[in-house]
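Residue numbers (the working numbering), protein chains in the order written: chain A, 1 to 301; chain B, 1001 to 1301; chain C, 2001 to 2301; chain D, 3001 to 3301. Notes follow the structure.
4 protein chains.
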Amino acid sequence: MPLSPEQQAEIDALRSDPQPTLRTVAPGMEKHLYQARQVLDHGFVRVIDYMGDDAAICQAARVSYGKGTKSVQNDEGLIRYLMRHWHSTPFEMCELKLHVKLPVFVARQWIRHRTANVNEYSARYSILDREFYIPAAEHINAQSQVNNQGRGDVLQGEEAARVLEILKADSARCYDNYETMISSDGQAGLARELARMNLPANIYTQWYWKVDLHNLFHFLRLRADSHAQYEIRVYADAICDMVADWVPAAYGAFEDYRMGAVTMSAQMVDCLRRMLRGETVTQENSGMSAREWREFEEVVS
Amino acid sequence: MPLSPEQQAEIDALRSDPQPTLRTVAPGMEKHLYQARQVLDHGFVRVIDYMGDDAAICQAARVSYGKGTKSVQNDEGLIRYLMRHWHSTPFEMCELKLHVKLPVFVARQWIRHRTANVNEYSARYSILDREFYIPAAEHINAQSQVNNQGRGDVLQGEEAARVLEILKADSARCYDNYETMISSDGQAGLARELARMNLPANIYTQWYWKVDLHNLFHFLRLRADSHAQYEIRVYADAICDMVADWVPAAYGAFEDYRMGAVTMSAQMVDCLRRMLRGETVTQENSGMSAREWREFEEVVS
Amino acid sequence: MPLSPEQQAEIDALRSDPQPTLRTVAPGMEKHLYQARQVLDHGFVRVIDYMGDDAAICQAARVSYGKGTKSVQNDEGLIRYLMRHWHSTPFEMCELKLHVKLPVFVARQWIRHRTANVNEYSARYSILDREFYIPAAEHINAQSQVNNQGRGDVLQGEEAARVLEILKADSARCYDNYETMISSDGQAGLARELARMNLPANIYTQWYWKVDLHNLFHFLRLRADSHAQYEIRVYADAICDMVADWVPAAYGAFEDYRMGAVTMSAQMVDCLRRMLRGETVTQENSGMSAREWREFEEVVS
Amino acid sequence: MPLSPEQQAEIDALRSDPQPTLRTVAPGMEKHLYQARQVLDHGFVRVIDYMGDDAAICQAARVSYGKGTKSVQNDEGLIRYLMRHWHSTPFEMCELKLHVKLPVFVARQWIRHRTANVNEYSARYSILDREFYIPAAEHINAQSQVNNQGRGDVLQGEEAARVLEILKADSARCYDNYETMISSDGQAGLARELARMNLPANIYTQWYWKVDLHNLFHFLRLRADSHAQYEIRVYADAICDMVADWVPAAYGAFEDYRMGAVTMSAQMVDCLRRMLRGETVTQENSGMSAREWREFEEVVS
């Protein structure tokens, strides 16, 4: 369990004191506020703040004086239209602030999404905790044989055991030595900004991360995708659940037009039309490479 | 008065219905929510939503589990430290959403600040209202003789009257012709996306504008500055008042370290030290150009 | 013709003086450098500088020491893979700088693309030229009846003539009055920053615009689209021609996977599969709204 | 020495083949192209491409048809004016592309500068080399006693030796185990995307990094500053040397108005004026906190 009693007490205190506001309130999101949803062995995602809801998307799209909603049905139709036709600015009018605890190698992928605001725990200034990501047995996989950038089957038996042992032992030893080096007990003590270089990439860090809904959807489309690395996908999945409660209409449109959608190239659309007219289309007469044809077949069958 | 009774009624309705929330509430900002603060003759600025407060800046800087505040005094010290040392990311953790009505030539300056989210009223889709900015007599100035990019003295007498007359007459005629062209009364009616090209730059447009506090401070530093054009400065001044109520500690630090601050070049710092040691420094022995020396003298005298 | 003899002479001088460089050179783009390609009646697009070529995309994707190319065929395959799978960062490694002259109402759409660098001619500092966009007769259309945000048929006869007359007369009168107001002949002369508000949105402005290839493709996908307003589409079309000469492999991938591609929603993919299995699918049993169904039919038929 | 003979041969090949171009050429930068400037024990910075020069800054600021230069002196004056008055967009018209090899803990600081383009070597896809940053003896410092976020004195004797030994031993062991885990010799072999988590933060990575001159100056101001961590400062210093050769006028202005400049708060300016009038000002009557007063004294004495 990633939270100490003191941390849980701080969260409980925050949740016990509702205040009146004139701003838009999203009841589905209020229930998530401050709660730590566990991800991986020591990580979590917590909603710290949010701005806007489904109606706020419509309000901005209509540039209106009041709430800008007409009816729930009308609003949902507008939101689906905006998503379908790649209107991005109304979705930017909602904002989400998260507190995330995550392994450094996951943080390094995550930070590549540049249109967001980040405050990370500083290992120059502070001492990192002894917390490392050690994968569960069912998530220790072999290198994929078909995709350089992916995993194959779950490792079995002795090999899996050896991997686990290595990860645990190296983490522990590196952290012991980190502590030894920064200790000022009987020595000067190495600067933290230097000592941290001895820590492996499965150590946990944490940050505050703030992002607008348009850019969050972009993040989720890439990171909740089946090709994303498992260790970042579980964070994206957790955030998906929260967003579905926060802006249900926008999230529904996102599922239909982004997550579950397929982009077909000019060649694919052409083949499709020929097939619907009854023509027999093969890779040879498709104008596609073998790889593209394989991707096409996955879509249509 | 820029708001119709219907618009005012919508605003009143929004202000009459407080909801409980677990999020951070900034009482100083709640009082501004939805209210239209008049700017220029037909423009306004309205706060539509906000995220965070002074404590949220500290909470993110400390990456803490709870509110992250220690004491008001501690927090203010931290905020001043962050501002003084150009830490930008904690200020990005606060967000502001405004509804602004403004002349097009002001909007064209404003939009140059790219790190913000915008939904503008569409003149492709909708018909613009007959509202034009006509300057008050005391804001009709001659071209500056010393600064190509600025104003000199207020115009007097006949010349001022002529300017006013021209602006009013051309606005009215252009709008009449805009209406004539789009009318479908006895004719097909010109497309709105084309007709709008006949409208001069003093017509009012409106938009939703969302920005984080760091980028808002950057906007305010440039646009609330005495060298900014008067017509955008009055918007920046109005926003300054709101921000001072929203995040008083951050705004105080902004005033001391940005608005009221002076950046001295390497040469200026050198001259300053020589002067404090009792040396007589003139432009000739300062290493500065005439222009830089003039700017230096303004600071130190 | 938009260029004066002096301007053409400056361009000719720039084109007459090749210099040796060790950087990547794209021969297809060298021929465009500095040339003004006319767009609309007084506008143009000119390539001022560029960085990178097709091979530079591969070099960055492979993070290699040398050119990073393997063979032209290999490179093209990689570029198509990157485009198909939404890898954006390698395309960001190419950069284009343009000088564009365009009507203000087009500039207002264009500037909404925020991830770019812009220096616009300043009407605070300088006097604008007397150049206005007056549409050719075949581009004066009625408001669309089916799409609020679009054009219908070309206007005919008297109505078209009336529109042209209005646009010309109002432009001329507004500019005459602009000149009258800023004149310092026998009067103080109104500040330029104020006088400009009298100028309608069809006046030409100009800017330097610099953008990376990924964001340029995003711009082109939206603005070279058939739903974009004609007056910005012609600029996008002109840029497409230049990009096709600059990075032919990347442009080809862009055409196949973006411009000519179709994104199908989860519902559309489902219907497609049913149709390919021989099922008769109608809007009623499709799970789509009437509007979505119409868009689907356009794709598959 | 960080480059293999093959890598050096690739670089030599690139430098042996100048091509004619009509673009702006900066001779001072041509000499750096592709050369690997060593930084730290195994790192480097290499210029891969550049766009623009000092004249290109002026050309954009003047939105001109030709080169936009008037005279070298005129241009330098304009560039200094633009820098002094915080005009950012003309500097964005120059672009630099670097290939950098750097330890992961340096990369983590560097990537916080979001307005740049990055392609990093992928440890999901490829195997990382056995190269770790091991500080030279004179750069192994104790934790600072006055600044949580900094270093104190150089470590001496046995303690320094112990630190070095730990860093070397842990790096070697972690890399040995990384190799053991991914090996497919007699076992399936762990996925690379998992195995990398065992590698400490002093391992080297590399990336292509592209940035405009305005944002590069911002990076350099923060990272070439004496308060920046030594290990990133040496990269910034290396880049400063290259930029000084590339855009000498802009770099000179940057040195005078950014690197060597001092920002004085409203209170500091007030005290300064009092001191110049002969008044004795102390912290007590200065209106500054003890910390601000200390920073003030550092500037003026």
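Beta carbons are placed, not taken as given, at the ideal position from N, Cα and C, and that holds for glycine.
Quiz item: Of the choices B/His-1042, B/Asp-1237, B/Lys-1067 and B/Ala-1253, whose alpha-carbon is the least far from that of B/Pro-1135?
Solution: B/His-1042
Quiz item: Does A/Ser-286 have its Cβ less than 7 Å from a Cβ in chain C?
Solution: no
Exercise. May I have the straight-line CA-CA distance separating D/Glu-3158 from A/Gly-189, to the nearest angstrom?
Key: 12 Å
Quiz item: Could one say the Cβ of C/Gln-2206 lies closer than 7 Å to chain D's Cβ atoms, at least one of them?
Solution: yes
Exercise. Please decide whether B/Leu-1014 counts as near chain D, where near means a Cβ-Cβ distance under 7 Å.
Key: no
Quiz item: Secondary structure at D/Asp-3049, three-state DSSP: helix, strand or coil?
Solution: strand
Exercise. Identify the continuous alpha helix (DSSP H) that holds A/Pro-248 and give its terminal residues.
Key: 248-254
Exercise. List the endpoints of the continuous beta strand (DSSP E) containing D/Glu-3120.
Key: 3117-3120
Self-check item: Per-residue DSSP class, three states only, for A/Gly-152
Solution: strand
Quiz prompt | is_contact[C/Thr-2280, chain A] using C-beta, thresh 7 Å | solution = no
Self-check item: Length of the line joining the Cα atoms of B/His-1139 and B/Ile-1203
Solution: 17 Å
Self-check item: Sufficient close CB pairs (3 or more, under 8 Å) joining the stretch 237-247 of chain A to the stretch 4-21 of chain A
Solution: no
Practice problem: Take the Cβ of C/Glu-2179 as the centre, count every other Cβ of all protein chains shown within 10 Å, and call the residue buried at 16 or more, exposed below. | Solution: exposed
Quiz item: Are there 16 or more other CB atoms within 10 angstroms of the CB of D/Asp-3225, so buried, or fewer, so exposed?
Solution: exposed
Quiz item: Just how far apart, CA to CA, sit B/Glu-1255 and D/Leu-3220?
Solution: 26 Å
Practice problem: State the DSSP-derived secondary structure class of D/Asn-3074, mapped to helix, strand or coil. | Solution: helix
Quiz item: Shorter than 7 Å from the beta carbon of A/Val-163 to some beta carbon of chain D?
Solution: yes
Exercise. List the residues of chain B whose Cβ lies closer than 9 Å to the Cβ of D/Ser-3122, in chain order.
Key: In chain order: nothing, as chain B lies at least about 27 Å away.
Self-check item: Rounded separation between B/Ile-1011 and B/Val-1045 - CA only
Solution: 13 Å
Exercise. Going by DSSP, name the residue or residues bridged to C/Asp-2129.
Key: DSSP, once it has assigned bridges, lists no residue as partnering C/Asp-2129.
Quiz item: In whole angstroms, what separates the C-alpha of A/Ala-61 from that of B/Arg-1291?
Solution: 48 Å
Exercise. Give the straight-line distance between the Cα atoms of C/Leu-2098 and B/Asp-1075, rounded to the nearest whole angstrom.
Key: 47 Å
Exercise. Check each residue of the stretch 1177-1203 of chain B: if its Cβ is closer than 7 Å to any Cβ of chain A, include it; give the result in chain order.
Key: none
Practice problem: Closer than 7 Å by C-beta to D/Val-3163: which residues in its own chain qualify, once you throw out the five before and the five after it? Chain order, please. | Solution: Ile-3140 and Leu-3155
Quiz item: If the cut is a Cβ gap below 7 Å, which residues of chain D does B/Val-1269 touch?
Solution: Val-3262 and Val-3299
Quiz item: Using DSSP with H/G/I as helix, E/B as strand and the rest coil, what is A/Ala-195?
Solution: helix
Exercise. Taking only beta-carbon positions, decide if C/Asp-2049 is within less than 7 Å of chain D.
Key: yes
Exercise. Select from B/Leu-1082, B/Ala-1107 and B/Asn-1177 the residue whose C-alpha is nearest the C-alpha of B/Cys-1058.
Key: B/Leu-1082
Quiz item: Should D/Ala-3128 be flagged as near chain A, meaning a C-beta pair shorter than 7 Å?
Solution: The displayed chain sequence assigns Leu, not Ala, to residue 3128 of chain D. By this cut-off, D/Leu-3128 is not an interface position.
Quiz item: Is B/Tyr-1257 close to chain D, meaning its C-beta is less than 7 Å from at least one C-beta of that chain?
Solution: yes
Quiz item: Between the C-alpha atoms of C/Glu-2030 and C/Val-2100, what's the straight-line distance to the nearest angstrom?
Solution: 18 Å
Quiz item: So, A/Gln-143 versus D/Ala-3191, is the Cβ gap smaller than 7 Å?
Solution: yes
Quiz item: CB D/Val-3072 to CB D/Glu-3231, shorter than 7 Å?
Solution: no
Quiz item: List, in order along the chain, the chain B residues whose C-beta lies closer than 7 Å to that of C/Tyr-2125?
Solution: Asn-1148 and Gln-1149
Quiz item: When the distance is taken between beta carbons, is D/Gln-3035 closer than 7 Å to A/Arg-124?
Solution: no
Practice problem: Grab the span of the beta strand (DSSP E) containing A/Met-264 for me, first residue to last. | Solution: 262-264
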